[in-house]
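Just so you know, the protein sequences line up as chains U and F, in that order.
Letter by letter, the first sequence follows residues 264 to 674 in our numbering.
Letter by letter, the second sequence follows residues 264 to 674 in our numbering.
Working notes, beginning with the structure itself.
There are 2 protein chains.
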Amino acid sequence: MRSSAFDFASLFPASLPAPAVKWTGAARYNFVGGHNDPEMVPVEALRAAANAVLAREGQALSNYTVNTGPQGYRPLREFVAEKLKRDAGISCTAEDIVLVSGSLQALDLINAVFCERGDTVIYEQESYQGSINRMARMGVNVVGIPLDDGGMRMDALAAALADLKARGVRPKFIYTIPTVQNPTGTILSEARRHELLRLSEEYGVPIFEDDCYADLIWSGKRPPALYAMSKIGGVVHIGSFSKSVAPALRVGYIVAPWEILSRALALKTDAGSGALEQMVLAEFCKPHFQAHVPKLCGALRAKLVTLMESLSEQFGTSAEFEDPPGGIFLWVKLPDQVDSMRLYQKALAAGIAINPGPEWSVNAPYSKSRIRICFASPSHEQIREGIALLAEVCRSEFGVPLRSANVQKRA
Amino acid sequence: MRSSAFDFASLFPASLPAPAVKWTGAARYNFVGGHNDPEMVPVEALRAAANAVLAREGQALSNYTVNTGPQGYRPLREFVAEKLKRDAGISCTAEDIVLVSGSLQALDLINAVFCERGDTVIYEQESYQGSINRMARMGVNVVGIPLDDGGMRMDALAAALADLKARGVRPKFIYTIPTVQNPTGTILSEARRHELLRLSEEYGVPIFEDDCYADLIWSGKRPPALYAMSKIGGVVHIGSFSKSVAPALRVGYIVAPWEILSRALALKTDAGSGALEQMVLAEFCKPHFQAHVPKLCGALRAKLVTLMESLSEQFGTSAEFEDPPGGIFLWVKLPDQVDSMRLYQKALAAGIAINPGPEWSVNAPYSKSRIRICFASPSHEQIREGIALLAEVCRSEFGVPLRSANVQKRA
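Below, the structure is given as structure tokens:
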């Protein structure tokens, strides 16, 4: 890491974001990021897959898109189509899919297909930080719809759409994470999905469905995707293998009508996403995906139980949360006097990384005392130790939880 | 591939590029794109590398950046630092490198660090289409500097910089492909490199050095990188493994002072580039890269010879070109009456894909009768057949080459 005598800074656009801080390693107790359980990476099966596919098709790596075109490695697209039919009720073919470099590239492409500075979009009030930040960077206004235990509230959505229409604003899309919502963990019911689609049609506002956590449901059962339920094809659907196989592979997908895919492909000027990872995934998924996911869910559910027990032990009634039906994170309400942005800083200094609520919400007062805790990556022991230490930090900074809370032990 | 009853089109920004055309397979004679020689993909060594690195570190795929941070897989950064020291005279460490999803992502990031709509940059007059197109999309003005057999002409650069300064314009950077220039194949001499650096300093305009073809030099000898020669650190250097190992792996790198890397990292919101590909490359490159590259160059040089012989046989004196010192493409001048944009269309209809000059130049009249022919991917036989067919198309459309040209056989 070296610096330069050249005056670069005077050339930077004023709109450039602040420089990144030098990375110095992850926190000891790392409860942030979509990292997964290292023990659950199917290493041997991925190794066998890499062996087989390289032996059979390795020469195709000489071609930017391994001779299957800009939509991505065809056998993986075929697997995605089968998987979506089986799990999400989506009827599509490999032609309706574009493989991308993680669902983050899907966000970038679809955002760019619809939005420009000054536009308006509708989000769940609490949402993925990376999605919210992208809109801020693009200068797009986000209207947040409150959630309850059943996901996005349709009465609030109806009111927001009516209000925007009255003001002459047609939002570019309704962005939703309906199936294991990030960060609240809720699943939008089928009835609400029907209502969401009805409102989408009535107001001519398409739905942008981000289903990147939908594989991680303890029961293995999920409602059909909005994409599957739309009678007029008014939904763009994205998903990922980051949560179900391994995040570092960076493979996601877009399912959409050709009107959208052709626009997204025109913006995808990366000469193709990494093909080896697509090839290895396809080779792995066909025989192993369906058996792998329930095993992974079992391991994640066990970690969630450890997290919830640790919170109850250490925070008592000071930490409020719902037992989520899936996912890798828990959305926790702390007492009102807790400023989670300050807690975040103090916890980090103590070696604990958490997500402060305001970074995962467009409603600062509502999220002020809330935090997101990711539980997939740390070990059971790290979860117990980390939450105990977090309680110490919280107590010394905000006077909560009271020490007496500790007496509440697991049932 | 399906279409929708939903009216998406009325929501698209006016600035959206035209939709992509559905891919229907590569041309039979494919002389476009940076594809490489399928026979030269080191499949067995990559397989062994994948095996070894997955067995040893596969669990790290549970972490977005395999626990080595947002700059990318550390062992590959360490290899790049060694390689650049050995080959390009660059003295740097893993801390000075960011791994990216192909050098195309490097272009996007560095362009965004410096440029906004209305800015001006300096390019070689003939340059990589993907770079030129990116500037057009961003609304950035490109000033083109003519090349000769020795690369960018320093007299023309000096004049352009003086002219821009007189008009109050400080260009954001001088973008150059100095080492096997695309499409002309030239190598900028060390003397011109000194002059380029002097002008860069004098006018306070940094250099953006794209060295993605620099490994493919027949002699194995290259001048030091501009990055290595700059005394004040006024150069951003990018490179790639696409040309030297396999394009579909999508792994490139940026070498720059921290002032630049920290800005690029702030814009790199993709949660890391594909880690498996970085891991496999690192494992492969350490023992094999130095022996692999000369073998690859030998195979490419042989294809170039076939291409030049075929052109001489089929076009005679109607095809003018220099024998390039490396690379995967030949820049060919056809007779003035040839409109290469029309030739491109007619050739494509006949099953031959070529790059028309105007897409690789900011000077339309100069490039009108020029074409770029990539020779790495087609077989020797395809090169011979494809060039013979191209001569037929050219003759029927433009009356050149005359049929008598065919009598000129190889020496």
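We put the CB at the ideal spot given by N, CA and C, even for glycine.
Please read these numbers as outputs of a predicted model, since none were measured by experiment.
Any beta strand (DSSP E) of 3 or more consecutive residues that is wholly inside the segment 285-370 of chain F: 360-363
DSSP three-state assignment for Asp411 (chain U), whether helix, strand or coil: Mapped onto the first sequence, residue 411 (chain U) falls at position 148. Looking at Asp411 (chain U) - three-state DSSP - the assignment turns out to be strand.
Sub-8 Å separation of Gly393 (chain F) and Cys637 (chain F) beta-carbons: On the second sequence, residue 393 (chain F) is found 130 positions in, with the first residue counted as 1. On the second sequence, residue 637 (chain F) is found 374 positions in, with the first residue counted as 1. In this structure, Cys637 (chain F) does not lie closer than 8 Å to Gly393 (chain F) by Cβ.
Residues in the segment 437-451 of chain U having any Cβ partner in chain F nearer than 9 Å: none
Boundaries of the beta strand (DSSP E) in which Val595 (chain U) is found, first to last residue: Taking the first residue of the first sequence as 1, we reach residue 595 (chain U) at position 332. Counting along the chain, the beta strand (DSSP E) containing Val595 (chain U) begins and ends at 592-596.
Endpoints, the beta strand (DSSP E) within which Thr439 (chain U) is located: Here residue 439 (chain U) refers to the residue found at position 176 of the first sequence. Where Thr439 (chain U) is concerned, the enclosing beta strand (DSSP E) stretches over 437-439.
Ser503 (chain F) - partner residues in DSSP beta bridges: Looking up residue 503 (chain F) in the second sequence gives position 240. Bridge partners of Ser503 (chain F): F:Gly515.
Between the CA atoms of Ile517 (chain F) and Leu752 (chain F) - distance to the nearest angstrom: No answer is possible for residue 752 (chain F): it lies beyond the span of chain F, which begins at 264 and ends at 674.
Cutoff 8 Å: Gln392 (chain U) Cβ touching any chain F Cβ: Counted from its first residue, the first sequence places residue 392 (chain U) at position 129. Chain F contact via Cβ: absent.
Under 7 Å by beta carbon: chain F residues contacting Phe342 (chain U): On the first sequence, position 79 is the one that residue 342 (chain U) refers to. Going along chain F, no residue has its Cβ under 7 Å from Phe342 (chain U), so there is no contact; the nearest lies around 17 Å.
Rounded separation between Asn330 (chain F) and Thr331 (chain U) - CA only: Residue mapping note: residue 330 (chain F) aligns to position 67 of the second sequence, counting from 1. Residue mapping note: residue 331 (chain U) aligns to position 68 of the first sequence, counting from 1. One C-alpha to the other measures close to 32 Å.
DSSP state of Ala616 (chain F) mapped onto helix, strand, coil: Position 353 of the second sequence, counted from the start, is the residue given in the question as residue 616 (chain F). In this structure, Ala616 (chain F) counts as strand in the three-state DSSP scheme.
Given 8 Å, three or more beta-carbon pairs between the segment 420-427 of chain U and the segment 562-571 of chain U: no
Alpha carbon of Arg349 (chain F) to alpha carbon of Phe504 (chain F), nearest angstrom: Position 86 of the second sequence, counting from 1, holds the residue named residue 349 (chain F). Position 241 of the second sequence, counting from 1, holds the residue named residue 504 (chain F). Between Arg349 (chain F) and Phe504 (chain F), the C-alpha separation is close to 16 Å.
Partner residues on chain F for Ile495 (chain U), Cβ-Cβ distance less than 8 Å: Position 232 of the first sequence holds residue 495 (chain U). Ordered by position in chain F, the residues that pass the 8 Å Cβ test against Ile495 (chain U) are Ser267, Ala268, Phe269.
Secondary structure of Asp473 (chain U), DSSP reduced to three states: By 1-based counting over the first sequence, the position of residue 473 (chain U) is 210. It is a strand residue.
Test: Pro469 (chain U) CB closer than 8 Å to a CB of chain F: Mapped onto the first sequence, residue 469 (chain U) falls at position 206. Chain F, which has a Cβ nearer than 8 Å to the Cβ of Pro469 (chain U), makes this yes.
Within 8 Å, strictly: CB atoms of Phe584 (chain F) and Trp594 (chain F): Residue numbering aside, residue 584 (chain F) sits at position 321 when the second sequence is read from its first letter. Residue numbering aside, residue 594 (chain F) sits at position 331 when the second sequence is read from its first letter. Cβ atoms of Phe584 (chain F) and Trp594 (chain F): closer than 8 Å.
Distance, Pro305 (chain F) Cα to Thr383 (chain F) Cα: Residue 383 (chain F) sits at position 120 when you count from the first residue of the second sequence. Residue 305 (chain F) sits at position 42 when you count from the first residue of the second sequence. Thr383 (chain F) and Pro305 (chain F): Cα-Cα distance of roughly 42 Å.
Close beta carbons around Ile360 (chain F), own chain, < 6 Å, minus the five adjacent residues each side: Here residue 360 (chain F) is taken as the residue at index 97 of the second sequence, counted from 1. Answer for Ile360 (chain F): Arg340, Val343, Tyr516, Val518, listed in chain order.
Candidates F:His551, F:Val514, F:Ile353, F:Arg265, of which the one nearest Glu307 (chain F) by Cα: Residue 307 (chain F) sits at position 44 when you count from the first residue of the second sequence. Considering only alpha carbons, the answer is F:His551.
Proximal residues of chain U, C-beta to C-beta of Ser640 (chain F) below 9 Å: For the purposes of this step, residue 640 (chain F) is taken as the residue at position 377 of the second sequence. Correct list: Ser325, Asn326.
Residue span of the alpha helix (DSSP H) that contains Tyr490 (chain F), given as start and end: Taking the first residue of the second sequence as position 1, residue 490 (chain F) is located at position 227. Start and end: 489-492.
Continuous beta strand (DSSP E) stretch holding Val384 (chain F): start and end: Here the question's residue 384 (chain F) lines up with position 121 in the second sequence. Per DSSP, Val384 (chain F) belongs to the beta strand (DSSP E) from 383-387.
Test: Met264 (chain U) CB closer than 8 Å to a CB of chain F: Against the first sequence, residue 264 (chain U) aligns to sequence position 1. So yes, Met264 (chain U) belongs to the interface.
Three or more C-beta pairs below 8 Å linking the segment 544-558 of chain F and the segment 612-629 of chain F: no
Any chain F beta carbon closer than 8 Å to Arg526 (chain U): Position 263 of the first sequence, counting from 1, holds the residue named residue 526 (chain U). It does: the Cβ of Arg526 (chain U) has a partner Cβ on chain F nearer than 8 Å.
Three CB pairs or more closer than 8 Å across the segment 360-369 of chain F and the segment 448-458 of chain F: no
Beta carbon proximity, Pro301 (chain F) to chain U, threshold 8 Å: Here residue 301 (chain F) refers to the residue found at position 38 when the second sequence is read from its first residue. It does; some Cβ of chain U falls within 8 Å.
Cβ neighbours of Ala627 (chain F) in the same chain (closer than 8 Å, five flanking residues each side left out): Position 364 of the second sequence, counting from 1, holds the residue named residue 627 (chain F). Pro621, listed in sequence order.
Neighbour flag for Arg513 (chain U) against chain F, beta carbons, 8 Å: On the first sequence, position 250 is the one that residue 513 (chain U) refers to. Closer than 8 Å to some Cβ of chain F, the Cβ of Arg513 (chain U) qualifies, so yes.
Beta carbon of Glu675 (chain F) nearer than 8 Å to that of Ile408 (chain F): Since the first residue of chain F shown is 264 and the last is 674, residue 675 (chain F) is not available in this structure.
Straight-line Cα distance separating Arg319 (chain U) from Asn326 (chain F): Taking the first residue of the second sequence as position 1, residue 326 (chain F) is located at position 63. Taking the first residue of the first sequence as position 1, residue 319 (chain U) is located at position 56. So the two alpha carbons sit approximately 29 Å from each other.
Burial state of Pro276 (chain U), where buried means 16 or more other Cβ atoms lie within 10 Å: Residue mapping note: residue 276 (chain U) aligns to position 13 of the first sequence, counting from 1. It is exposed - the Cβ of Pro276 (chain U) has fewer than 16 other Cβ atoms within 10 Å.
Min CB distance Gly296 (chain F) to chain U below 8 Å: In the second sequence, the residue the question calls residue 296 (chain F) occupies position 33. Chain U, which has a Cβ nearer than 8 Å to the Cβ of Gly296 (chain F), makes this yes.
Element boundaries [alpha helix (DSSP H), containing Arg380 (chain U)]: Residue numbering aside, residue 380 (chain U) sits at position 117 when the first sequence is read from its first letter. Per DSSP, Arg380 (chain U) belongs to no alpha helix (DSSP H) and is neither H nor E.
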